[in-house]
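Peer 1: Dumping the structure here so I can ask a few things about it.
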Amino acid sequence: MKHSDLSYPVICLGQDGSIVPHQSAEEFGKCNALALWVTRYFADLTVIDSAAVLWRVESAIPKQEKSGIYRWLSRLTNRTIRVDIEVWRLDQEAGMAVVKRLLVSWLDRMPEFWEASADLDEWRSRVESCRTVEELAILLE
Numbered sequence: 002m003k004h005s006d007l008s009y010p011v012i013c014l015g016q017d018g019s020i021v022p023h024q025s026a027e028e029f030g031k032c033n034a035l036a037l038w039v040t041r042y043f044a045d046l047t048v049i050d051s052a053a054v055l056w057r058v059e060s061a062i063p064k065q066e067k068s069g070i071y072r073w074l075s076r077l078t079n080r081t082i083r084v085d086i087e088v089w090r091l092d093q094e095a096g097m098a099v100v101k102r103l104l105v106s107w108l109d110r111m112p113e114f115w116e117a118s119a120d121l122d123e124w125r126s127r128v129e130s131c132r133t134v135e136e137l138a139i140l141l142e
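As structure tokens, this is what we get:
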């Protein structure tokens with residue numbers, strides 16, 4: 002399934018511990034060259050859509066394949082690149098309770114980042130108080 006078919010907003014959970022909300026398919030489908038080719042940001046990315054359904058990124062391919070020189074220049078200048086993202090639904094049923102538990106476990110991966118703005122227990126409480134993925138996306142922006 003294409004990323005444009007997801008219900009937005011979405012929250013992306015990276016294997017590096019990052020939590021990134023995206024309000025639209027257009028926003029989700031953009032990244033910089035470093036994220037695409039060097040850090041491989043989309044590899045094993047977990048996506049939570051606004052219906053609290055869990056997805057996994059299967060592939061992320063630049064929309065317009067350019068010559069090798071263009072790719073090299075894009076990497077060198079770290080340009081913004083538009084990508085086509087394919088996702089597949091994870092077998093497990095989600096729901097808000099599962100989503101909240103997952104987000105709290107992600108907060109625990111990088112406590113120093115979250116504690117820079119508020120105590121980790123405060124962040125956990127804020128996540129638990131949200132009733133929808135939309136509220137979570139706003140909280141995490």
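Mapping of the sequence shown onto my numbering: residues 2 to 142, in sequence order. Every residue, glycine too, gets a C-beta built ideally from N, C-alpha and C.
Please check the pair Arg110 and Trp56, which I expect to be a contact at CB under 8 angstroms, by giving their CB distance rounded to whole angstroms.
Peer 2: One-based indexing of the sequence shown puts residue 110 at position 109. One-based indexing of the sequence shown puts residue 56 at position 55. Not quite, the Cβ-Cβ distance comes to about 19 angstroms (not below 8 angstroms), so this is no contact.
Peer 1: Whose C-beta lies closer than 7 angstroms to the C-beta of Ala36 among residues of the same chain, with five residues either side of it excluded?
Peer 2: Mapped onto the sequence shown, residue 36 falls at position 35. Closer than 7 angstroms at the Cβ level, and outside the excluded window around Ala36, lie Tyr42.
Peer 1: So, Ser75 versus Ala44, is the Cβ gap smaller than 8 angstroms?
Peer 2: Start at 1 with the first residue of the sequence shown, and residue 75 comes out as number 74. Start at 1 with the first residue of the sequence shown, and residue 44 comes out as number 43. No, they are not a contact pair.
Peer 1: Using a 10 Å radius around the Cβ and a threshold of 16 neighbouring Cβ atoms, would you call Trp73 buried or exposed?
Peer 2: Translated into the one-based positions of the sequence shown, residue 73 becomes position 72. Around the Cβ of Trp73, a 10 Å sphere holds fewer than 16 other Cβ atoms; the residue is exposed.
Peer 1: Within the same chain, show all residues whose beta-carbon is closer than 7 angstroms to that of Trp38, passing over the 5 residues directly before and after it, in chain order.
Peer 2: Here residue 38 refers to the residue found at position 37 of the sequence shown. So the list reads Arg76, once near-sequence residues are dropped.
Peer 1: Let me know if Tyr71 comes out buried or exposed under the rule of 16 or more other beta-carbons within 10 Å of its beta-carbon.
Peer 2: Residue 71 sits at position 70 when you count from the first residue of the sequence shown. So Tyr71 counts as exposed.
Peer 1: Considering only C-alpha positions, which residue in the set Ile49, Val84 and Gly18 is nearest to Glu27?
Peer 2: For the purposes of this step, residue 27 is taken as residue 26 along the sequence shown, with counting starting at 1. For Glu27, the nearest C-alpha among the options comes from Val84.
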